[in-house]
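Worksheet: one structure, shown below.
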Amino acid sequence: MIRELKELRDSDLYPFHMPGHKRNMADAFLPEAYALDITEIDGFDDLQKPEGLIKEIEDRAAAYYGTDRAFLLVNGSSCGNLSAVSALVRHGGRLLTAGSCHRSVDNAILLNGLDRNHIKPENIGDTGIPGGITPGQVREALDKAEDTEAVLLTSPGYEGVISDVERIAETVHERRIPLIVDGAHGAHLPVCREADIITVSLHKTLPAFTSTSLCLVNEGLVDPERIKKYINIFQTTSPSYLLMAGAEQCFDIIERQGKALKARLLENLRRLYEASARNRYLKITGKEYTGQYGVFDFDETKICLMDLSGRRSGKEIYDTLRSVYRLQPEKADGRICLCMSSIMDTDEGFKRLIDAVGNMDRAWD
Numbered sequence: 107m108i109r110e111l112k113e114l115r116d117s118d119l120y121p122f123h124m125p126g127h128k129r130n131m132a133d134a135f136l137p138e139a140y141a142l143d144i145t146e147i148d149g150f151d152d153l154q155k156p157e158g159l160i161k162e163i164e165d166r167a168a169a170y171y172g173t174d175r176a177f178l179l180v181n182g183s184s185c186g187n188l189s190a191v192s193a194l195v196r197h198g199g200r201l202l203t204a205g206s207c208h209r210s211v212d213n214a215i216l217l218n219g220l221d222r223n224h225i226k227p228e229n230i231g232d233t234g235i236p237g238g239i240t241p242g243q244v245r246e247a248l249d250k251a252e253d254t255e256a257v258l259l260t261s262p263g264y265e266g267v268i269s270d271v272e273r274i275a276e277t278v279h280e281r282r283i284p285l286i287v288d289g290a291h292g293a294h295l296p297v298c299r300e301a302d303i304i305t306v307s308l309h310k311t312l313p314a315f316t317s318t319s320l321c322l323v324n325e326g327l328v329d330p331e332r333i334k335k336y337i338n339i340f341q342t343t344s345p346s347y348l349l350m351a352g353a354e355q356c357f358d359i360i361e362r363q364g365k366a367l368k369a370r371l372l373e374n375l376r377r378l379y380e381a382s383a384r385n386r387y388l389k390i391t392g393k394e395y396t397g398q399y400g401v402f403d404f405d406e407t408k409i410c411l412m413d414l415s416g417r418r419s420g421k422e423i424y425d426t427l428r429s430v431y432r433l434q435p436e437k438a439d440g441r442i443c444l445c446m447s448s449i450m451d452t453d454e455g456f457k458r459l460i461d462a463v464g465n466m467d468r469a470w471d
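So, in structure tokens, the structure goes:
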């Protein structure tokens, strides 16, 4: 798609069609982006019924994640969650949600008038981080509500907590009902191929434009065409070709350079975690709780900083990193300051974070 967009830009084909900027914005902000920004015209496929360039991206994504189908989303994973719930649970039916659900799940429940059972995870110690969900908790909840039509689980969570999705899928499938996994924060991780629908946000943890996501589908308990029907209801009919080309470029990067980039990231994370372990107060927390609080595993790319002495809140850590060391964290919540990393982080960026965390810890003596 990137090649075709550049060929169109350089051709003599004049645009008497949308968008209104007509690719004639040489003096504007980001002129190259405008020059490549088009609508659905001849030769560039149709996101609602892809058969060419867009289908190639979707097939590539399905092969990468090992699922039967993949649907490209330009409205973020919210669109995938809305579509999955609407397609799998009849209006007025019952959905079991497990963990800290995204507001898009709440919206799907509201729109479809669903009854809801919810498993609330136990917080991890005094960190304030929501723990994981166990197969036993899911089994118990299904025993109490036998009319449940689907189960929706969030894994990994915002802070990196991973539940035992494979065993939960086995538990759910014993009842012949589907499992939806909101994996928006785990596009960089292997997905559970036993789940029926998995949403992943390419933009959150991989090199893609903001709001670019995928709805991954495995056939069996789920009809992919029914999922597609609802995606076409919730998704815009004016998709950005810049976003879709960015998704293609994302797979170019991870397929050609992914191994080397991942190795660099893991080495930088190793250095950061080792430096944090030597600190007296400011530590990275999370990984040590594996096997407790429903935590099956922990995504170490989610850097959860916490003052073990309890004297400083996550917001104070956040503010110091931003104002003093010019490092912008993802968020602060309770005692935790979350910094997110990816394969596109630089050695210099990690060095600055390592130095900042060490300096802050020594300054608190």
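Going by the numbering used here, 167 is the number at position 61 of the sequence shown; the sequence numbering is gapless. The beta carbon of each residue, even a glycine, is placed where N, CA and C say it ideally should be. Model, not experiment: these values are computed from the prediction.
Problem set entry | With 16 other Cβ atoms within 10 Å as the buried cut-off, status of Leu259 | buried
Exercise. Applying the criterion that 16 or more other CB atoms from any shown protein chain within 10 Å of the CB defines a buried residue, is Met466 buried or exposed?
Worked result: buried
Exercise. In three-state terms, what does DSSP make of Pro319?
Worked result: As written in the sequence, residue 319 is Ser, which differs from the Pro given in the question. The answer is strand: DSSP assigns Ser319 an E or B state.
Exercise. Given Cys443, which residues of its chain have a CB within under 6 angstroms of its CB, disregarding the five upstream and five downstream residues?
Worked result: Leu411, Gly420, Ile423, Tyr424 and Pro435
Exercise. At a cut of 8 angstroms, does the stretch 268–278 reach the stretch 295–304 through at least three beta carbon pairs?
Worked result: yes
Exercise. In angstroms, rounded to a whole number, what distance separates the CA positions of Val257 and Ile283?
Worked result: 8 angstroms
Problem set entry | Residues near Ala190 in its chain [Cβ-Cβ closer than 6 angstroms; skip 5 each side] | Ile286 and Ile303
For this session: Taking Ser192 as part of the alpha helix (DSSP H), name the residues at either end of that continuous run.
Result: Ser183 to Leu194
Exercise. Would Gly205 pass as a contact of Ile239 if the rule is Cβ separation under 9 angstroms?
Worked result: yes
Exercise. Mapping DSSP to helix, strand and coil, what is Asp212?
Worked result: helix
For this session: My understanding is that Glu255 touches Val195, with C-beta atoms under 8 angstroms, so please give their C-beta distance in whole angstroms.
Result: 5 angstroms
Problem set entry | Residue range of the unbroken alpha helix (DSSP H) whose run includes Ser307 | Per DSSP, Ser307 belongs to no alpha helix (DSSP H); it is in the beta strand (DSSP E), Ile303 to Ser307.
Exercise. Would DSSP call Phe177 helix, strand or coil?
Worked result: strand
Exercise. Comparing the C-beta of Leu388 with each C-beta of chain B, is any distance below 9 angstroms?
Worked result: The structure shown has no chain B; it contains just one protein chain.
Exercise. When the Cα atoms are used, what is the spatial distance from Ala193 to Arg332?
Worked result: 6 angstroms
Exercise. Of the choices Lys334, Val180 and Thr318, whose alpha-carbon is the least far from that of Asn324?
Worked result: Lys334
For this session: Drop a sphere of 10 angstroms on the beta-carbon of Gln363, count the other beta-carbons inside from all chains shown, and report buried for 16 or more, exposed for fewer.
Result: exposed
Exercise. Could you check where the beta strand (DSSP E) with Asp358 kicks off and where it finishes?
Worked result: Looking at the DSSP string, Asp358 is not in any beta strand (DSSP E); the run it does join, the alpha helix (DSSP H), is Tyr347 to Arg362.
Problem set entry | Integer-rounded CB distance, given that Thr311 should sit under 8 angstroms from Thr407 | 7 angstroms
For this session: Give the range of the beta strand (DSSP E) segment to which Asn465 is assigned.
Result: Taken as a continuous stretch (DSSP letters only), Asn465 belongs to no beta strand (DSSP E), being part of the alpha helix (DSSP H) at Asp453 to Ala469.
Exercise. If you run the structure through DSSP and keep just helix, strand and coil, what is His224?
Worked result: strand
Problem set entry | Whole-number beta carbon distance between Glu228 and Gly400, since they are thought to touch under 8 angstroms | 7 angstroms
Exercise. Nearest CA to the CA of Leu372: which residue from Ala314, Lys226 and His294?
Worked result: His294
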